[in-house]
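Below you'll find the structure, written out as structure tokens, and then a few comments.
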Amino acid sequence: MLKEAVLEAIEEFNKFRSPEAKAELLYIRGNVIVVKMSGTYCRSCGVYDYFERTSCGNSRIA
7 MLKEAVLEAI EEFNKFRSPE AKAELLYIRG NVIVVKMSGT YCRSCGVYDY
57 FERTSCGNSR IA
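Okay, so the sequence shown: first residue is 7 according to my numbering, each after it adds one.
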């Protein structure tokens with residue numbers, strides 16, 4: 007159930023952000039979800055625009 011929800015969220019993210027920013031699920035282990043982000047998005051100012059605004063309240067962006 008969690009994996010399906012994460013994949014749905016990634017699909018939604020990619021629908022609006024790809025190809026500038028593309029998400030790919032690497033793995034889920036317990037309460038840790040690792041998503042690979044790639045693309046040509048600006049790594050300085052674009053981090054907030056692409057990731058922090060769309061992240062969950064309990065997430066950490068590393």
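Virtual Cβ for every residue (Gly too), placed ideally from N, Cα, C.
Predicted model, so just to flag it, every value in this text is computed and none were measured.
- Secondary structure within the region 9–53: the beta strand (DSSP E) runs of 3 or more consecutive residues, fully enclosed, are 28–35 and 38–44 (chain order).
- A29 and C48 have their C-alpha atoms spaced approximately 15 angstroms apart.
- A straight line joining the alpha-carbon of V41 with that of L32 spans about 5 angstroms.
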